[in-house]
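Residue numbers (our numbering), protein chains in the order written: chain A, 6 to 545; chain B, 453 to 730. Where a beta carbon is used, it is the ideal one built from N, C-alpha and C, also for glycine.
What follows is the structure, given as structure tokens:
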């Protein structure tokens with residue numbers, strides 16, 4: 006009897022659970038949003054806006070939600086794109102018209118919140134005059150106090166703080182309400198380019214002050230073209246246009262960013278019209294997507310470099326000839342065709358060919374297995390050797406590169422073991438310089454050799470993952486940093502490139518393109534070589 | 453012992469047995485049968501659909517899928533056998549000891565096994581493989597460890613029943629040592645159910661190994677392995693290169709099907725319950 010009751014009870018429970026599972030929102034998606042107050046309106050208004058279509062742009066991102074909405078904390082390209090949507094900087098990157106298309110030029114600086122500036126003769130004092138009448142979205146004016154507050158705040162943040170130091174800023178002073186003076190420790194020819202980065206965004210002190218320190222991680226307080234309506238890092242972010250934007254209101258009402266990890270899903274959504282823009286289209290699908298009527302594919306060369314790093318602290322890479330031999334064993338053309346399906350260009354130096362001062366002079370390497378073999382013999386590795394190549398599992402390209410390299414290296418007796426690891430493990434191994442050999446990529450946010458080498462190949466560089474250290478290179482870089490004359494600087498950087506190429510801490514693989522897909526009616530896309538997408542110009 | 457003739461009377465068992473033997477043969481003879489080396493790159497022949505030269509087509513490096521499926525069988529059969537071996541070697545003694553001696557030790561062992569069973573096996577295998585580190589060894593151990601409790605529990609159950617039999621009592625009365633009893637009386641009498649479990653275990657081991665390789669915890673590229681091949685080919689399904697996923701998928705499906713048919717047939721023959729009804 007007792008048992009029967011139990012059975013009845015259990016089956017009732019099961020039925021109830023089953024019914025509960027069938028209700029519409031067993032998993033309430035809204036409310037998980039960033040700001041509870043905004044999430045309701047977001048849920049209601051995003052639907053009609055989407056069906057109305059014309060005024061909303063939906064973008065599919067590939068790399069997840071990014072770390073933060075806070076421009077001073079941002080360190081990844083996704084967060085950077087939020088910062089450019091929500092905030093303005095004192096100065097900004099320029100654009101140029103080329104073949105009827107507008108292209109972003111990160112090496113050209115134009116006024117933004119500052120309408121003009123003067124530089125002292127010793128190049129250590131910059132005085133900016135702020136544009137009159139510019140207001141934050143809260144209605145408060147963008148004045149000297151806001152600039153001072155923002156530059157104080159940057160220093161306290163990890164990512165922003167390191168760039169603040171790199172920029173050599175000694176002090177920021179208010180002259181009057183519309184004039185700000187920057188004093189530098191030493192001349193820095195990159196100072197204006199640094200100021201144009203998302204890191205030095207101007208935030209609204211009246212909103213940010215008095216809130217907890219991490220308030221800006223999930224809220225916006227800028228003068229930029231958009232404000233944040235809703236952010237659910239698991240699925241999407243919604244940005245609403247600032248109708249009073251001082252540069253003119255954006256032509257769309259809303260930009261919705263969706264996080265779609267699988268490349269094939271992004272392609273499918275683009276083809277079906279579920280999204281207007283899809284980032285990171287795999288190179289193999291470029292040709293087939295170009296055939297589609299409703300899709301436009303844009304593939305632009307960036308300053309992203311892809312290289313094979315070799316750490317001289319590990320055997321056998323302590324031998325220069327071994328590193329050079331690896332360079333001779335690389336068939337760049339084959340990689341570009343087989344891995345990137347032609348959507349890349351050869352890499353001829355340790356800096357991208359799209360960067361100032363690039364030179365391929367002094368680069369003797371070409372695909373030559375005989376030469377590689379004889380170099381190995383000279384280095385005492387006549388019978389080859391075995392090594393692990395650390396490869397990040399996040400992108401298919403790297404595994405493909407590794408498979409091709411393995412096949413070529415086998416021919417000269419070198420055994421390459423592909424060590425494919427998850428992104429977190431990759432960072433741990435590579436950032437701590439524990440990888441003897443690894444596949445790496447790098448995009449310099451400031452397209453200049455000073456920034457590029459300062460991070461990558463200076464012996465104290467924060468991203469010098471091969472542990473490369475050459476006194477001569479360090480000296481040349483230090484000299485170039487304080488050299489005001491551009492022509493002389495270029496000569497110094499060319500010298501650096503020749504030395505690095507000869508030292509061969511890296512084997513050069515290719516410079517990859519940024520490939521994005523657009524539905525046919527999306528207009529106004531401006532490509533910037535720093536790979537960061539700016540929403541403001543998009544419309545349809 | 454098994455009577456081959458009675459076993460072969462069941463048609464499904466025969467089918468299972470032949471599928472399994474065919475795959476084992478293919479795995480053993482892969483170097484002789486494969487028309488190409490599994491890792492040979494032929495960029496000129498990339499992404500060819502199945503044709504007379506490449507029966508299963510080629511992948512994006514121009515590697516022959518047919519050859520890779522054959523070599524993949526070696527990895528799969530090898531990992532399946534080794535991991536089930538690990539599970540047997542550890543699980544059976546644990547179960548036997550727990551069942552024979554009982555008491556606190558037995559309780560401790562069996563509760564430990566229960567706690568292993570509490571995890572979904574694939575999740576546990578993922579965690580183990582990730583902590584052991586990438587590579588085939590990690591996957592092997594993970595799949596093996598996950599299968600331990602199933603063997604331990606089966607052996608425990610068998611032992612508890614067998615040790616009550618009179619011939620065990622007789623042996624003990626004669627002063628036969630415990631380990632001798634376990635080895636010569638308990639184990640042979642539990643052989644039938646164990647064989648069934650081994651066959652079924654091989655099937656699940658193939659599935660778990662392929663799953664681990666699919667999510668990237670397993671063989672290092674470019675080793676040919678079915679799960680890894682499917683994972684690699686999934687980016688190509690949309691663009692129309694179905695052969696990169698379909699053939700390794702079929703290989704996994706048929707192998708598991710074969711092992712399960714065989715296991716079912718063996719159970720019908722050997723399980724004490726079904727035997728007693730005959």
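Per DSSP, residue i is paired with what?
i: residue 260/A; result: 62/A and 244/A
i: residue 94/A; result: 206/A
i: residue 422/A; result: 393/A
i: residue 178/A; result: 186/A
i: residue 543/A; result: Note: residue 543/A sits in no beta bridge, so no partner.
i: residue 3/A; result: The requested residue 3/A does not occur in the structure, where chain A is confined to residues 6 to 545.
i: residue 233/A; result: 244/A
i: residue 135/A; result: 119/A
i: residue 305/A; result: 519/A
i: residue 108/A; result: 101/A and 532/A
i: residue 130/A; result: 188/A
i: residue 146/A; result: 140/A
i: residue 114/A; result: 98/A
i: residue 516/B; result: 510/B
Compare the C-beta of residue i with all C-beta atoms of chain A and state if any pair is closer than 8 Å.
i: residue 699/B; result: no
i: residue 679/B; result: no
i: residue 583/B; result: no
i: residue 641/B; result: no
i: residue 691/B; result: yes
i: residue 526/B; result: no
i: residue 672/B; result: yes
i: residue 687/B; result: yes
i: residue 513/B; result: yes
i: residue 635/B; result: no
Compute the Euclidean distance between the alpha carbons of residue i and residue j, then round it to the nearest angstrom.
i: residue 294/A; j: residue 495/B; result: 22 Å
i: residue 405/A; j: residue 398/A; result: 11 Å
i: residue 505/A; j: residue 310/A; result: 15 Å
i: residue 546/B; j: residue 571/B; result: 19 Å
i: residue 641/B; j: residue 620/B; result: 11 Å
i: residue 173/A; j: residue 218/A; result: 25 Å
i: residue 170/A; j: residue 259/A; result: 36 Å
i: residue 470/B; j: residue 480/B; result: 15 Å
i: residue 694/B; j: residue 395/A; result: 30 Å
i: residue 159/A; j: residue 79/A; result: 11 Å
i: residue 495/A; j: residue 452/A; result: 14 Å
i: residue 542/A; j: residue 102/A; result: 14 Å
i: residue 506/B; j: residue 699/B; result: 12 Å
i: residue 194/A; j: residue 578/B; result: 51 Å
Counting only beta-carbon separations shorter than 8 Å, does residue i have a partner in chain B?
i: residue 334/A; result: no
i: residue 67/A; result: no
i: residue 428/A; result: no
i: residue 486/A; result: no
i: residue 384/A; result: no
i: residue 422/A; result: yes
i: residue 425/A; result: yes
i: residue 409/A; result: yes
i: residue 285/A; result: no
Measuring CA to CA, which of the options is closest to residue i?
i: residue 408/A; options: 344/A, 135/A and 441/A; result: 344/A
i: residue 115/A; options: 167/A, 94/A, 127/A and 71/A; result: 94/A
i: residue 667/B; options: 606/B, 682/B and 689/B; result: 682/B
i: residue 520/B; options: 531/B, 532/B and 487/B; result: 487/B
i: residue 275/A; options: 129/A, 64/A and 544/A; result: 64/A
i: residue 575/B; options: 660/B, 593/B, 600/B and 527/B; result: 660/B
i: residue 515/A; options: 503/A, 442/A, 432/A and 355/A; result: 355/A
i: residue 548/A; options: 225/A, 279/A, 88/A and 111/A; result: Residue 548/A lies beyond the range of chain A shown here (6 to 545); nothing can be said about it.
i: residue 68/A; options: 491/A, 253/A, 474/A and 241/A; result: 241/A
i: residue 455/A; options: 202/A, 497/A and 190/A; result: 497/A
i: residue 499/B; options: 535/B, 617/B and 687/B; result: 687/B
i: residue 223/A; options: 161/A, 76/A and 197/A; result: 76/A
Just checking residue i against the ligand ZN - is the residue's beta carbon closer than 7 Å to any of the ligand's heavy atoms?
i: residue 548/B; result: Inclusion of the ligand ZN in the displayed structure is not the case, the ligand content being empty and no account of it being possible.
Quick one: complete alpha helix (DSSP H) runs, 4+ long, within the region 468-532 of chain A? 476-486 and 491-508, all fully within the region 468-532 of chain A.
Beta strand (DSSP E) segments (min. 3 residues) lying fully within the region 261-300 of chain A: Counting only unbroken stretches of 3 or more residues, the beta strand (DSSP E) elements lying wholly within the region 261-300 of chain A are 282-284, in sequence order.
What ranges does the beta strand (DSSP E) occupy inside the region 340-402 of chain A, keeping only unbroken runs of at least 3 residues that lie completely in it? The region 340-402 of chain A is shown to contain whole beta strand (DSSP E) runs of 3 or more residues at 391-397, in chain order.
Which residues, taken in chain order from the region 643-670 of chain B, show a beta carbon closer than 8 Å to some beta carbon of chain D? Any reference to chain D falls outside this structure, whose protein chains are A and B.
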